[in-house]
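All residue numbers for the sequence shown refer to this note's numbering, where the first residue is 28 and numbers rise by one. The beta carbon of each residue, even a glycine, is placed where N, CA and C say it ideally should be. Step one of this worksheet: look at the structure below.
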Amino acid sequence: MDTHVASCPSCAAFASEAGELRRRLRVSLLEPPPDIAPAVRAELERRDRRWSPARPRPQWPASELLRAAAVFVVAFAVTATTIGLTGPREAAAVEVDRLVRSGQHEVEALTAEVTITEHGWHPQVPTRRYDGSLAYLAPERFALTLTDRSAYPSDGWRRNDVELAVDGSRAWSRGLVGCPLSALPGCAREPQVRAVTGREPFDESEPIPLEVVVPVASFGVPAGHLLAPSTRVDGRDAVVLEVTVAQVQGVLDGFTSVGAWRDLHPSDPVEVALDAEHGIPLSLVVRAADTDERRRWSATNGYRDAAGSVLLTWQLTEVLVNEPGAVPEPVEAPGSPDVVTDRGFAPTDANEALARPDRLALHQVGHSGPVRIEAWTDGRAWLQLRVHQAWGGDRLFGRRGDLLVQRVTLGTGAMAYLAEGGGELFLHTPDADLHLRGSVGSRALLEVAADLDLEGLAVPRTWAEASSASVADAREALPGLLEPDVIPGFLGPSVRVRGDVVSLAYAGNGQRAFVLTQAPGQLLSPPLDADVIGLSVRDAVGRFTPSTATLEWVEGAMVVSLRSDSLSLGELLAVAERLAQRS
Numbered sequence: 028m029d030t031h032v033a034s035c036p037s038c039a040a041f042a043s044e045a046g047e048l049r050r051r052l053r054v055s056l057l058e059p060p061p062d063i064a065p066a067v068r069a070e071l072e073r074r075d076r077r078w079s080p081a082r083p084r085p086q087w088p089a090s091e092l093l094r095a096a097a098v099f100v101v102a103f104a105v106t107a108t109t110i111g112l113t114g115p116r117e118a119a120a121v122e123v124d125r126l127v128r129s130g131q132h133e134v135e136a137l138t139a140e141v142t143i144t145e146h147g148w149h150p151q152v153p154t155r156r157y158d159g160s161l162a163y164l165a166p167e168r169f170a171l172t173l174t175d176r177s178a179y180p181s182d183g184w185r186r187n188d189v190e191l192a193v194d195g196s197r198a199w200s201r202g203l204v205g206c207p208l209s210a211l212p213g214c215a216r217e218p219q220v221r222a223v224t225g226r227e228p229f230d231e232s233e234p235i236p237l238e239v240v241v242p243v244a245s246f247g248v249p250a251g252h253l254l255a256p257s258t259r260v261d262g263r264d265a266v267v268l269e270v271t272v273a274q275v276q277g278v279l280d281g282f283t284s285v286g287a288w289r290d291l292h293p294s295d296p297v298e299v300a301l302d303a304e305h306g307i308p309l310s311l312v313v314r315a316a317d318t319d320e321r322r323r324w325s326a327t328n329g330y331r332d333a334a335g336s337v338l339l340t341w342q343l344t345e346v347l348v349n350e351p352g353a354v355p356e357p358v359e360a361p362g363s364p365d366v367v368t369d370r371g372f373a374p375t376d377a378n379e380a381l382a383r384p385d386r387l388a389l390h391q392v393g394h395s396g397p398v399r400i401e402a403w404t405d406g407r408a409w410l411q412l413r414v415h416q417a418w419g420g421d422r423l424f425g426r427r428g429d430l431l432v433q434r435v436t437l438g439t440g441a442m443a444y445l446a447e448g449g450g451e452l453f454l455h456t457p458d459a460d461l462h463l464r465g466s467v468g469s470r471a472l473l474e475v476a477a478d479l480d481l482e483g484l485a486v487p488r489t490w491a492e493a494s495s496a497s498v499a500d501a502r503e504a505l506p507g508l509l510e511p512d513v514i515p516g517f518l519g520p521s522v523r524v525r526g527d528v529v530s531l532a533y534a535g536n537g538q539r540a541f542v543l544t545q546a547p548g549q550l551l552s553p554p555l556d557a558d559v560i561g562l563s564v565r566d567a568v569g570r571f572t573p574s575t576a577t578l579e580w581v582e583g584a585m586v587v588s589l590r591s592d593s594l595s596l597g598e599l600l601a602v603a604e605r606l607a608q609r610s
């Protein structure tokens with residue numbers, strides 16, 4: 028649509044006028060608009076009934092689509108995602124975080140056959156089917172093969188076969204490179220082969236898909252005693268959980284990071300069955316969420332997903348655990364890969380190790396340029412320490428993007444910085460900067476950091492983390508600060524105070540997270556985005572901006588915003604209702 032508007036004077040004029048009108052109307056707060064969504068939907072359903080398979084739907088002109096989009100923005104309705112189970116199952120109280128955290132220490136080897144079905148990838152290829160196998164040997168040997176068994180309209184469509192292998196410092200993959208759906212099948216190129224050498228242990232840039240083995244990042248944050256129905260999957264006892272794509276994105280990435288796959292919305296509901304003994308993800312089913320923001324996303328990205336329709340299924344069969352003899356050696360990359368990358372890691376004498384974490388055995392010690400690296404493992408569980416003795420940056424060594432951190436004091440009195448989510452810890456000392464990360468949880472990271480007995484200091488004032496603070500600091504900086512009560516499945520907050528602007532970051536399982544920001548103010552600033560939705564928040568008039576996933580309102584002489592790329596609007600409104608002043 029953007030391409031058409033750029034070349035169509037009448038549509039461009041309409042878009043400009045509509046955007047200007049919305050901006051002028053929203054200079055000050057508006058009363059909630061009337062909910063006309065039911066009437067609009069009824070009219071659309073009436074029109075739908077006029078078109079049969081023998082009488083296809085008309086292709087509406089772009090100008091009509093623009094007008095429909097304007098009506099849709101006004102008629103946006105907030106609905107809650109409903110996740111249903113299929114079939115009767117017995118229910119049992121399961122502390123899933125304990126299941127996966129203990130399971131990661133127990134899984135030394137895993138083999139299984141894999142079956143995947145994908146729906147809605149392309150209008151001409153509504154369903155794709157795959158079969159293959161995966162094999163894992165702790166700590167860093169993994170092989171995945173998937174063969175595309177789909178029926179395509181012609182030989183012009185390339186099959187989405189996938190191969191991925193990791194073996195310590197080596198890795199390689201073969202798969203299609205994604206291209207726009209509208210340009211298929213002509214844009215598809217030959218599968219690309221990538222090879223990596225000199226890979227450091229548990230390299231973030233070339234990760235081994237450990238979430239497919241035991242999904243610790245997806246379920247490791249305590250979410251209370253979950254009532255999880257029990258079932259049998261391929262002859263194994265399993266517990267069934269209802270989550271979202273955002274929570275199990277790591278599992279999905281394990282088999283979709285190579286090749287060309289359809290996109291999924293972070294709020295799409297997922298029914299996942301975990302092995303009751305080790306926490307291995309035996310099966311999962313992804314469905315389209317039944318929310319207006321999901322429908323808007325679907326239309327924007329060219330998908331035709333009906334609410335509740337199945338989008339992707341994953342099934343493991345013939346699962347064998349801790350039988351190393353059944354794990355094949357990863358195959359070497361074919362000759363002349365398209366892309367070869369040397370990460371520069373070189374092993375050194377293991378006697379140089381600094382850390383001594385409990386329950387973990389030394390895996391490898393080495394250097395990558397000026398960075399000293401050591402890794403410790405126990406089954407699938409791992410911990411990595413990276414040390415830079417000549418760090419010249421203006422932020423914590425190893426910190427990525429705008430990740431917020433929490434300033435903490437170790438048992439030795441040293442200062443450290445814990446990342447939101449608890450999976451990373453940073454130390455700034457007079458002699459070196461250190462970065463600890465792993466799957467073992469924040470408590471273990473804090474214990475290892477304390478055992479190093481280093482003089483952890485506050486970062487310089489010019490560093491990005493100088494504004495990191497405690498909750499007490501935030502309350503002092505902004506009297507009347509609103510905070511949520513304890514939300515199961517979320518850790519936090521990590522706190523940032525810049526003058527009288529306070530940000531609180533809460534991280535949950537997988538990629539689920541939100542940031543709460545507050546500052547003194549009486550009015551919301553005029554929106555920069557034309558697509559803004561007016562709604563009621565905590566008995567106040569607020570707005571939601573879909574493009575930035577931000578909910579905003581004014582309360583108690585403060586401007587309050589909730590932002591999240593992984594929570595639905597309904598979930599953000601639920602978080603807003605839990606806010607209160609706390610001491």
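- Helix, strand or coil: which one does DSSP assign to residue 148? Residue 148 falls in the strand class under three-state DSSP.
- Task: Would you list, in sequence order, the uninterrupted alpha helix (DSSP H) runs of no fewer than 4 residues that lie entirely inside the stretch 448-483?
- Result: Whole alpha helix (DSSP H) segments, 4+ residues: 469-478.
- Would you kindly report the start and end of the unbroken beta strand (DSSP E) that includes residue 264? Residue 264 -> beta strand (DSSP E) spans 263-271.
- Item | Whole runs of the beta strand (DSSP E) within the stretch 373-440, excluding any shorter than 3 residues | Whole beta strand (DSSP E) segments, 3+ residues: 388-395, 398-405, 408-415, 432-436.
- Task: Name, in chain order, the residues that DSSP records as bridge partners for residue 530.
- Result: Looking at the DSSP output, residue 530 sits in a beta bridge with 523, 544.
- Query: If you drop the 5 nearest sequence neighbours on each side, which residues of the same chain put their C-beta closer than 7 Å to that of residue 390?
  - Reply: 166, 228, 402, 403, 404, listed in sequence order.
- Taking the C-alpha atoms as reference points, what is the distance between residue 540 and residue 362? Here the alpha carbons of residue 362 and residue 540 stand approximately 42 Å from one another.
- Query: Are there 16 or more other CB atoms within 10 angstroms of the CB of residue 525, so buried, or fewer, so exposed?
  - Reply: With fewer than 16 other Cβ atoms within 10 Å, it is exposed.
- Cα-Cα separation between residue 481 and residue 456, rounded to whole angstroms: Residue 456 has its alpha-carbon roughly 7 Å from the corresponding atom of residue 481.
- Cutoff 8 Å; reference residue 224; Cβ partners in own chain excluding five residues on either side: These residues qualify, in order along the chain: 196, 197, 367, 368, 369, 370.
- Any chance the stretch 471-487 sits against the stretch 566-577, with 3 or more Cβ pairs inside 8 Å? The stretch 471-487 vs the stretch 566-577: no contact.
- Item | Terminal residues of the beta strand (DSSP E) in which residue 194 lies | It spans 189-194 - the beta strand (DSSP E) in which residue 194 sits, taken as one unbroken run.
- Compare the Cα-Cα distances from residue 408 to each of 374, 136, 185 and report the closest residue. Shortest Cα-Cα distance from residue 408 to any of 374, 136, 185 involves 136.
- Message: Just to confirm, is the Cβ distance from residue 423 to residue 444 under 7 Å?
- Response: Contact: yes.
- When you compare each of 214, 143, 193 to residue 183 by their alpha carbons, which one comes out closest? Minimum Cα distance to residue 183 is reached at 214.
- Using the Cα positions of residue 516 and residue 448, report the straight-line distance between them to the nearest angstrom. Spanning the two alpha carbons is a distance of roughly 10 Å.
- Message: Which same chain residues end up closer than 7 Å to residue 438 when comparing Cβ atoms and leaving out the 5 residues on each side of it in sequence?
- Response: In its chain, beyond the 5 residues on either side, 477 have a beta carbon closer than 7 Å to the beta carbon of residue 438.
- Could you work out which residue in 162, 206, 218 is closest to residue 189 when comparing CA atoms only? Comparing alpha-carbon positions, the option among 162, 206, 218 lying closest to residue 189 turns out to be 218.
- Reference residue 140, options 263, 125, 159, 150, closest by Cα: The option with the nearest alpha carbon to residue 140 is 159.
- Enumerated in chain order, which unbroken segments of the alpha helix (DSSP H) with a length of 4 residues or greater are wholly contained in the stretch 315-351? With a minimum length of 4 residues, the continuous alpha helix (DSSP H) runs that stay inside the stretch 315-351 are 319-327.
- Item | Span separating the alpha-carbon of residue 514 from that of residue 394 | Using only the alpha carbons, I get a separation of about 41 Å.
- What number of angstroms, rounded off, separates the C-alpha of residue 522 from the C-alpha of residue 491? Rounded to the nearest angstrom, the gap between the Cα atoms of residue 522 and residue 491 is 13 Å.
- Using CA coordinates, which residue listed in 601, 607, 602, 593 is at the minimum distance from residue 270? It is 593.
- Task: Determine, using beta carbons only, whether residue 200 and residue 168 come nearer to each other than 7 Å.
- Result: Their beta carbons are not under 7 Å apart, which means residue 200 does not touch residue 168 by this criterion.
- Task: Compute the distance between the beta-carbons of residue 547 and residue 566, then report whether it is under 7 Å.
- Result: Contact flag unset, no.
- Task: Answer yes if the stretch 529-538 comes into contact with the stretch 260-274, meaning at least three C-beta pairs across the two stretches below 8 Å, and no otherwise.
- Result: The stretch 260-274, when compared against the stretch 529-538, does touch it at the 8 Å Cβ threshold.
- Item | Cβ pair residue 346, residue 246 closer than 7 Å | In this structure, residue 346 keeps its C-beta atom at 7 Å or more from the C-beta atom of residue 246.
- Message: Quick check on residue 84: buried or exposed, where buried means 16 or more other Cβ atoms within 10 Å of its Cβ?
- Response: The predicted model places residue 84 with a pLDDT of 40, which falls under 50 and marks its position as unreliable; any figure quoted below should be read in that light. Here residue 84 is exposed: its Cβ has fewer than 16 other Cβ atoms, across all protein chains shown, within 10 Å.
- Query: If you draw a straight line from the C-alpha of residue 163 to the C-alpha of residue 138, how long is it?
  - Reply: Annotation: residue 163 to residue 138 spans about 6 Å, alpha carbon to alpha carbon.
- Task: Report the residue ranges of all beta strand (DSSP E) runs contained in full by the stretch 150-220; include only those spanning at least 3 residues, in chain order.
- Result: Considered as a whole, the stretch 150-220 harbours 152-164, 168-175, 189-194, 197-202 as its complete beta strand (DSSP E) runs of no fewer than 3 residues, in chain order.
- Output yes or no for whether 7 Å exceeds the beta carbon distance between residue 294 and residue 316. Pairing residue 294 with residue 316 gives a Cβ-Cβ distance under 7 Å.
- So, residue 531 versus residue 543, is the Cβ gap smaller than 7 Å? With respect to the 7 Å criterion, residue 531 and residue 543 are classified as neighbours on the basis of their beta carbons.
- Between 410, 125, 434, 287, which lies nearest to residue 467 when the distance is taken from Cα to Cα? For residue 467, the nearest C-alpha among the options comes from 410.
- How many Å lie between residue 304 and residue 350 at the Cα? Across the structure, residue 304 and residue 350 are spaced so that their CA atoms are roughly 16 Å apart.
- Query: Going by beta carbon distance, what residues of the same chain come within less than 6 Å of residue 212, once the five residues before and after it are set aside?
  - Reply: Excluding five sequence positions before and after residue 212, the CB atoms of its chain that fall closer than 6 Å to its own CB belong to 183, 184, given in chain order.
- To the nearest angstrom, report how far apart residue 82 and residue 311 are at their CA atoms. Confidence at residue 82 is low in this model, with a pLDDT of 38, below 50, so its placement is unreliable and the value that follows should be read with caution. Across the structure, residue 82 and residue 311 are spaced so that their CA atoms are roughly 37 Å apart.
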